[in-house]
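Since the structure comes first, as structure tokens, the remarks are kept for the end.
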Amino acid sequence: MVHASKTVSDVIQAHFEGLTRAERQLAESLLENYPVSGLGSITTVADNAGVSTPTVARMVQKLGYKGYPEFQAHLHQELEATISNPIAKHDRWAANAPNQHILNRFADAVMANLRSSLGELKTATFDDAARMLGDRKRSLYFVGGRITGALAEYFFTHMQVIRPKTTLMTSNASAWPQHVLNMQPGDVVIIFDIRRYEADLTTLAKVARQNGVEIIVFTDQWTSPVAQHARHCFKLHIEAPSAWDSSVVTLFVVEALIEAVQSASWDETRERMNTLEDLFEQSRLFRKPR
1 MVHASKTVSD VIQAHFEGLT RAERQLAESL LENYPVSGLG SITTVADNAG VSTPTVARMV
61 QKLGYKGYPE FQAHLHQELE ATISNPIAKH DRWAANAPNQ HILNRFADAV MANLRSSLGE
121 LKTATFDDAA RMLGDRKRSL YFVGGRITGA LAEYFFTHMQ VIRPKTTLMT SNASAWPQHV
181 LNMQPGDVVI IFDIRRYEAD LTTLAKVARQ NGVEIIVFTD QWTSPVAQHA RHCFKLHIEA
241 PSAWDSSVVT LFVVEALIEA VQSASWDETR ERMNTLEDLF EQSRLFRKPR
């Protein structure tokens, strides 16, 4: 039986090591253009992967689905969820809203998102991402989309204090080539991309990766195409009883990474913070109590 909170991609990856050679070939074909690659007939999917139709039937049952129709139904549900606009999401939540205050409904949704996300997040992934972000030999570039750009800016603002060589890229794709020009192999681009995924961000990730740059992506449970090019992918649950997706869990992981990086290099970070406070004092940025 397939766990309801897991995507088909999650299920395939979880079972990958136990698949036969032909089934692995099929799995790789499905993940290459996910989820569209699995929306054709069973014969079409088999032909595209270069395997037999019985191989498809066996693999979907091995994954825990009753058959190909159920497997494909899950893919359709995921596709519908990823392309939903704010109006459609609002209508879906309004129709199923529990009879309680919005504060309680939001709290329940956020807590469920946090539990699911932490249950799926590997500490090794978190630790390696923190190590990369703290490596001062690497330059860091932060970028997000129309909504997630605010998360990228928040992350950048803190990392800028902790360490040098940090850059905030605008959401305007026309400005990206100049940044890519300055990127060196081993540098890191931190990308925020949630449904409805922005094609320009995938293009940026692909070009940067081709130039030896590492990618860290923060996305949702359905997974941005950017993940195909990423070294680390934080798949976080974002649904809320609203026309808008929730950024609470994403911000939680971002803040935990900020703390991990600054704690690992506290002596250098403290020195930078002291210098910054002196600059604030000179510029009289903050109002002092009388």
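1 is the number of the first residue of the sequence shown in full-length UniProt numbering; add one for each residue after it.
We put the CB at the ideal spot given by N, CA and C, even for glycine.
Being a predicted model, the structure only gives us computed values, none of them experimental.
Return the Cβ separation of residue i and residue j in integer angstroms, given the expectation that the two are a contact with Cβ distance under 8 Å.
i: Val11; j: Gly64; result: 7 Å
i: Thr219; j: Lys235; result: 6 Å
i: Gly149; j: Ser174; result: 15 Å between Cβ atoms; not a contact.
i: Thr53; j: Trp222; result: Incorrect: roughly 27 Å between the Cβ atoms, too far for contact.
i: Ala57; j: Gln25; result: With 8 Å as the limit, Ala57 and Gln25 do not qualify as a contact, their Cβ atoms being about 15 Å apart.
i: Val51; j: Ala22; result: 5 Å
i: Val226; j: Leu201; result: 6 Å
i: Pro241; j: Arg105; result: 5 Å
i: Glu78; j: Pro35; result: 5 Å
i: Ser265; j: Gly134; result: 6 Å
i: Asp108; j: Ser139; result: Going by Cβ atoms, the distance from Asp108 to Ser139 rounds to 41 Å, so no, they are not a contact pair.
i: Met159; j: Ile258; result: 7 Å
Around the C-beta of residue i, are 16 or more other C-beta atoms found within 10 angstroms, so that it is buried, or is it exposed?
i: Asn113; result: buried
i: Ser224; result: buried
i: Pro177; result: exposed
i: Gln13; result: exposed
i: Ile102; result: exposed
i: Thr55; result: buried
i: Ala256; result: exposed
i: Gln262; result: buried
i: Ala205; result: buried
i: Ser283; result: exposed
i: residue 340; result: Outside the shown range of the chain (1 to 290) lies residue 340, about which nothing can therefore be said.
i: Leu19; result: buried
i: Arg195; result: buried
i: Glu117; result: Position check: residue 117 holds Ser in this sequence, whereas Glu was assumed. Buried, since its Cβ has 16 or more Cβ neighbours within 10 Å.
i: Ser9; result: buried
Looking at residue j and residue i, is the spacing between their C-beta atoms short of 9 Å?
i: Ile215; j: Val253; result: no
i: Asp245; j: Ile147; result: yes
i: Phe126; j: Phe142; result: no
i: Phe192; j: Ala130; result: no
i: His76; j: Leu39; result: yes
i: Val217; j: Ala199; result: no
i: Lys66; j: His15; result: no
i: Met169; j: His232; result: no
For residue i, is the beta carbon positioned less than 8 Å from some heavy atom of the ligand MG?
i: Asn182; result: Absent from the structure shown: the ligand MG. Ligands present: none.
Taking only beta-carbon positions, decide if residue i is within less than 9 Å of chain C.
i: Leu133; result: Considering every chain present, this structure includes no chain C. It has just one protein chain.
Per the contact definition of three or more C-beta pairs closer than 8 Å, is the stretch 203 to 215 in contact with the stretch 144 to 164? Fewer than three pairs of CB atoms, one per stretch, sit closer than 8 Å, so the stretch 144 to 164 makes no contact with the stretch 203 to 215.
In chain order, which continuous runs of the beta strand (DSSP E) of length 3 or greater are located wholly inside the UniProt domain "HTH rpiR-type" (6 to 82)? None, since the UniProt domain "HTH rpiR-type" (6 to 82) contains no complete beta strand (DSSP E) of that length.
Which full runs of the alpha helix (DSSP H) of 4+ residues lie inside the stretch 137 to 174, going along the chain? If only uninterrupted alpha helix (DSSP H) runs of at least 4 residues are considered, those enclosed by the stretch 137 to 174 are 149 to 162.
Which ranges does the beta strand (DSSP E) cover as unbroken runs of at least 3 residues, wholly within the stretch 188 to 238, from first to last along the chain? Runs found: 188 to 192, 214 to 220, 232 to 236.
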